[in-house]
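To start, the structure itself, in structure tokens.
Number of protein chains: 2
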Amino acid sequence: MNNSSTLKIKDIGEQGLLKIIQSFCPADIIGDDAAVLKTTPEKSLIVTTDMLVDGVHFSNTTTSPEDAGWRAAAANLSDLAAMGAFPLGITVGLGLPGDLSVTWVEKLYQGITECLQKYNVPIVGGDIVRSPITTLSITAFGEANPNLIIRRSTAQVGDKIVVTGVHGASRAGLELLLNPQIGENLKTEEKTALIAVHQRPRPRLDVISILKQMLPYPSPITGMDSSDGLADAVLQICRASQVGAILEQSKIPIPSTFKHWLTPERSLNYVLYGGEDFELVLCLPPQTATALVEKLGTNAAIIGEITPGSQIILKHENAKIPDQVLTLNQGFQHFNQ
Amino acid sequence: MNNSSTLKIKDIGEQGLLKIIQSFCPADIIGDDAAVLKTTPEKSLIVTTDMLVDGVHFSNTTTSPEDAGWRAAAANLSDLAAMGAFPLGITVGLGLPGDLSVTWVEKLYQGITECLQKYNVPIVGGDIVRSPITTLSITAFGEANPNLIIRRSTAQVGDKIVVTGVHGASRAGLELLLNPQIGENLKTEEKTALIAVHQRPRPRLDVISILKQMLPYPSPITGMDSSDGLADAVLQICRASQVGAILEQSKIPIPSTFKHWLTPERSLNYVLYGGEDFELVLCLPPQTATALVEKLGTNAAIIGEITPGSQIILKHENAKIPDQVLTLNQGFQHFNQ
Numbered sequence: 142m143n144n145s146s147t148l149k150i151k152d153i154g155e156q157g158l159l160k161i162i163q164s165f166c167p168a169d170i171i172g173d174d175a176a177v178l179k180t181t182p183e184k185s186l187i188v189t190t191d192m193l194v195d196g197v198h199f200s201n202t203t204t205s206p207e208d209a210g211w212r213a214a215a216a217n218l219s220d221l222a223a224m225g226a227f228p229l230g231i232t233v234g235l236g237l238p239g240d241l242s243v244t245w246v247e248k249l250y251q252g253i254t255e256c257l258q259k260y261n262v263p264i265v266g267g268d269i270v271r272s273p274i275t276t277l278s279i280t281a282f283g284e285a286n287p288n289l290i291i292r293r294s295t296a297q298v299g300d301k302i303v304v305t306g307v308h309g310a311s312r313a314g315l316e317l318l319l320n321p322q323i324g325e326n327l328k329t330e331e332k333t334a335l336i337a338v339h340q341r342p343r344p345r346l347d348v349i350s351i352l353k354q355m356l357p358y359p360s361p362i363t364g365m366d367s368s369d370g371l372a373d374a375v376l377q378i379c380r381a382s383q384v385g386a387i388l389e390q391s392k393i394p395i396p397s398t399f400k401h402w403l404t405p406e407r408s409l410n411y412v413l414y415g416g417e418d419f420e421l422v423l424c425l426p427p428q429t430a431t432a433l434v435e436k437l438g439t440n441a442a443i444i445g446e447i448t449p450g451s452q453i454i455l456k457h458e459n460a461k462i463p464d465q466v467l468t469l470n471q472g473f474q475h476f477n478q
Numbered sequence: 142m143n144n145s146s147t148l149k150i151k152d153i154g155e156q157g158l159l160k161i162i163q164s165f166c167p168a169d170i171i172g173d174d175a176a177v178l179k180t181t182p183e184k185s186l187i188v189t190t191d192m193l194v195d196g197v198h199f200s201n202t203t204t205s206p207e208d209a210g211w212r213a214a215a216a217n218l219s220d221l222a223a224m225g226a227f228p229l230g231i232t233v234g235l236g237l238p239g240d241l242s243v244t245w246v247e248k249l250y251q252g253i254t255e256c257l258q259k260y261n262v263p264i265v266g267g268d269i270v271r272s273p274i275t276t277l278s279i280t281a282f283g284e285a286n287p288n289l290i291i292r293r294s295t296a297q298v299g300d301k302i303v304v305t306g307v308h309g310a311s312r313a314g315l316e317l318l319l320n321p322q323i324g325e326n327l328k329t330e331e332k333t334a335l336i337a338v339h340q341r342p343r344p345r346l347d348v349i350s351i352l353k354q355m356l357p358y359p360s361p362i363t364g365m366d367s368s369d370g371l372a373d374a375v376l377q378i379c380r381a382s383q384v385g386a387i388l389e390q391s392k393i394p395i396p397s398t399f400k401h402w403l404t405p406e407r408s409l410n411y412v413l414y415g416g417e418d419f420e421l422v423l424c425l426p427p428q429t430a431t432a433l434v435e436k437l438g439t440n441a442a443i444i445g446e447i448t449p450g451s452q453i454i455l456k457h458e459n460a461k462i463p464d465q466v467l468t469l470n471q472g473f474q475h476f477n478q
């Protein structure tokens with residue numbers, strides 16, 4: 142008997158659950174990193190929310206409370222950047238067990254505010270409640286010029302695909318944290334730098350400031366952040382825009398140290414699927430793409446192009462390696478793990 | 142050794158925790174039901190957030206998922222009404238155990254949207270994550286005319302204290318739900334009506350519409366909602382405004398059925414401390430107070446007056462009963478229960 146009264150969350154997974162929940166929401170505000178509400182003709186309000194649960198999204202064994210706080214704040218600010226919005230403030234909801242140490246909470250807030258202060262963003266409210274499991278819920282809201290909102294669904298055939306920085310570093314940093322014995326070919330400062338990318342990621346709000354200076358645009362800006370991985374970002378954009386893409390592997394910026402300790406296969410895996418780099422993946426007309434990459438400097442690059450069709454093809458520099466078709470990995474099915 | 146490294150959350154309680162957290166937030170946005178951000182000269186953005194945990198704030202044994210959803214949405218909309226704001230939208234964060242039924246989630250969203258639809262408020266975003274305990278985090282945002290924002294800290298000596306409806310009904314409804322054998326003097330429809338107040342509370346956004354029509358005001362509007370009880374609301378306003386108050390017990394509107402089944406002591410207890418009635422408690426100059434009560438109709442009333450000093454005194458109709466000084470009850474110390 143598999144009807145809805147006996148079905149459990151783990152039976153339908155996150156995608157199944159999202160479909161049900163979306164039936165309760167207005168159709169036009171679904172599918173991007175954050176919601177858009179047009180409050181005045183010149184400004185839209187952008188809202189995004191993230192919930193983080195101890196043991197699922199962070200853990201005292203691998204993440205200090207300061208880093209958990211920083212990462213949670215950074216992820217929400219990155220969701221705003223992914224929409225082309227500048228942050229106005231965040232609210233922090235906290236569920237806390239009674240026997241949690243007060244110091245842990247102070248350190249969490251310290252990490253949150255350290256990240257927010259870099260971007261002059263205030264904590265404007267929140268809620269604290271008793272809970273058997275430490276739970277953190279952050280809602281960030283920002284504002285954007287309605288003509289400057291970045292969406293996933295507007296990519297055009299012929300657009301160049303831009304990344305605003307290297308990919309794979311966060312995942313490499315996590316591996317070095319989990320397995321301190323690996324990466325023996327790396328210098329201490331090289332290890333530290335990769336670990337820092339994982340612990341203290343930077344939302345690319347600076348890219349939004351640069352885009353704003355580049356006005357006016359010849360077309361809407363398409364894109365999202367790469368928090369769930371570079372491959373995921375390209376796939377989500379192509380799916381929402383009903384287009385395909387060709388990516389050139391050799392053009393994707395990666396940390397210079399990868400060649401010293403990672404096989405080409407592992408390096409590519411981190412770059413495409415590692416996630417949490419919080420860079421922006423943007424689709425822009427060729428001239429705008431070139432201008433943006435010039436302004437952003439060394440680590441930004443054009444890595445490919447939007448094509449007709451629906452396939453996302455990764456081309457290798459070495460013509461002997463066959464082209465690879467990218468597919469979504471298992472990252473979404475959190476509930477049936 | 143009672144230093145902060147060994148202190149636990151349960152040792153310092155919610156008030157202690159709030160003090161620590163407030164040190165991380167801008168000083169001027171603390172103390173009301175929601176945060177205020179001035180986005181344009183004519184509009185302010187108002188944001189409020191609530192976290193609800195299974196077994197702490199709701200329970201399948203006393204609350205259906207539809208009612209849990211309705212109540213959560215209503216509480217957030219009431220926080221916006223308490224600030225004089227009209228809602229723009231809410232986000233819903235959900236932490237869910239894998240073995241929770243899909244039907245439960247559908248019914249929760251049904252309750253949330255049933256409440257929201259009454260006020261034309263959309264769900265504009267959210268997050269769903271795996272969690273060992275069902276957790277609901279709602280953030281509501283609204284907008285208000287900066288001159289119409291209701292605050293707790295602006296009560297003036299001589300202001301009349303207005304309640305927008307009866308108090309005690311929600312608590313009475315909860316008691317009838319928990320103990321179906323009580324209230325035997327009540328008709329079935331009288332019981333049903335009290336239970337409905339508990340299960341489906343109404344945020345008083347209609348009062349904000351009426352206040353808006355009454356512009357211009359001679360002074361700022363002071364007030365909050367009575368979600369934590371009528372006594373709590375008066376006490377919070379007096380504390381924030383550094384004033385006292387006299388309340389006349391006989392003027393406080395209560396459900397007409399209370400006299401049939403509750404002792405005067407129990408009735409007064411429900412009225413003052415029951416909570417979750419989601420009415421507004423407003424302090425206004427006498428003329429404005431009278432005009433508002435006339436517009437609101439039967440259940441609204443002037444129940445007292447703001448006085449110098451800091452005491453809140455409850456006067457009884459029967460002069461033989463001595464005046465009572467109100468104090469905050471234990472409602473806030475959730476963590477050390």
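Line order of the protein sequences matches chains D and R.
Note that my numbering has the first sequence beginning at 142, numbered continuously upward.
Note that my numbering has the second sequence beginning at 142, numbered continuously upward.
C-beta: ideal position from N, C-alpha, C; glycine also.
All figures in this text were calculated on a predicted structure; none of them were measured in a lab.
Beta carbon proximity, residue i to chain R, threshold 8 Å
i: residue 180 of chain D; result: yes
i: residue 329 of chain D; result: no
i: residue 151 of chain D; result: yes
i: residue 176 of chain D; result: yes
i: residue 450 of chain D; result: no
i: residue 336 of chain D; result: no
i: residue 228 of chain D; result: no
i: residue 155 of chain D; result: yes
Neighbourhood of residue i by C-beta, 6 Å cutoff - its chain only, sequence neighbours within 5 removed
i: residue 295 of chain D; result: 361, 363
i: residue 341 of chain R; result: 211
i: residue 334 of chain D; result: none
i: residue 391 of chain R; result: 458
i: residue 338 of chain R; result: 310, 311, 314
i: residue 444 of chain D; result: 302, 304, 388, 392, 393
Closest residue to residue i among the options (Cα-Cα distance)
i: residue 453 of chain D; options: D:460, D:413, D:194; result: D:413
i: residue 388 of chain D; options: D:152, D:304, D:218, D:288; result: D:304
i: residue 418 of chain R; options: R:269, R:439, R:377, R:369; result: R:369
i: residue 427 of chain D; options: D:420, D:416, D:442; result: D:442
i: residue 365 of chain D; options: D:148, D:175, D:165; result: D:175
i: residue 314 of chain R; options: R:203, R:178, R:157, R:447; result: R:203
i: residue 259 of chain D; options: D:350, D:187, D:343; result: D:343
i: residue 285 of chain R; options: R:222, R:233, R:197, R:236; result: R:222
i: residue 280 of chain D; options: D:235, D:300, D:402, D:321; result: D:235
i: residue 349 of chain R; options: R:379, R:404, R:288; result: R:288
i: residue 193 of chain D; options: D:467, D:233, D:371; result: D:233
i: residue 255 of chain D; options: D:158, D:215, D:189, D:219; result: D:215
Cβ neighbours of residue i in the same chain (closer than 8 Å, five flanking residues each side left out)
i: residue 248 of chain D; result: 205, 206, 207, 210
i: residue 238 of chain D; result: 271, 272, 273, 274, 275
Interface partners of residue i on chain B, CB under 9 Å
i: residue 333 of chain R; result: This model lacks chain B altogether, as its protein chains are D and R.
Any chain D beta carbon closer than 8 Å to residue i
i: residue 186 of chain R; result: yes
i: residue 424 of chain R; result: no
i: residue 234 of chain R; result: yes
i: residue 190 of chain R; result: yes
i: residue 239 of chain R; result: yes
i: residue 148 of chain R; result: yes
i: residue 198 of chain R; result: yes
i: residue 194 of chain R; result: yes
Close Cβ partners of residue i (< 7 Å) along its chain, the five nearest in sequence each way excluded
i: residue 471 of chain R; result: In this prediction, residue 471 of chain R has a pLDDT of 38, which is less than 50 and means its spatial position is unreliable; nothing more can be read from the coordinates.
i: residue 142 of chain R; result: Because the pLDDT at residue 142 of chain R is just 40, under 50, the model does not fix this residue reliably, and the value given afterwards should be weighed accordingly. Result list for residue 142 of chain R: empty, nothing under 7 Å.
i: residue 186 of chain D; result: 178, 180, 282, 284
- Message: Taking beta-carbon pairs under 8 Å, can you tell me which members of the segment 276 to 306 of chain R lie near chain D?
- Response: 276, 278, 280, 282, 284
- Task: Could you list the residues in the segment 242 to 273 of chain R with a C-beta less than 8 Å from some C-beta on chain D, going in chain order?
- Result: 242, 243, 244, 246, 247, 250, 251, 253, 254, 263, 264, 265, 266, 267, 268, 269, 270, 271, 272, 273
- Message: Measuring CB atoms only, is the segment 251 to 265 of chain D touching the segment 220 to 235 of chain D, in the sense that at least three cross pairs come out at less than 8 Å?
- Response: yes
- Query: Between the segment 385 to 403 of chain D and the segment 307 to 322 of chain D, do at least 3 Cβ pairs fall closer than 8 Å?
  - Reply: Yes, since at least three Cβ pairs between the segment 385 to 403 of chain D and the segment 307 to 322 of chain D fall closer than 8 Å, the two stretches touch.
- Message: Tell me whether the segment 174 to 184 of chain D and the segment 233 to 248 of chain D touch, counting them as touching only if at least three CB pairs, one residue from each stretch, are closer than 8 Å.
- Response: no
- How do the segment 426 to 435 of chain D and the segment 318 to 334 of chain D stand: do at least 3 beta-carbon pairs fall below 8 Å, yes or no? The segment 426 to 435 of chain D vs the segment 318 to 334 of chain D: no contact.
- Message: Output needed in chain order: residues of the segment 355 to 385 of chain R with a Cβ under 8 Å from some Cβ in chain D.
- Response: Shown here is that no member of the segment 355 to 385 of chain R has a Cβ falling below 8 Å from a Cβ of chain D.
- Near-chain D residues of the segment 157 to 169 of chain R (beta-carbon distance less than 9 Å), N- to C-terminal order: 157, 158, 159, 161, 162, 164, 165, 166, 167
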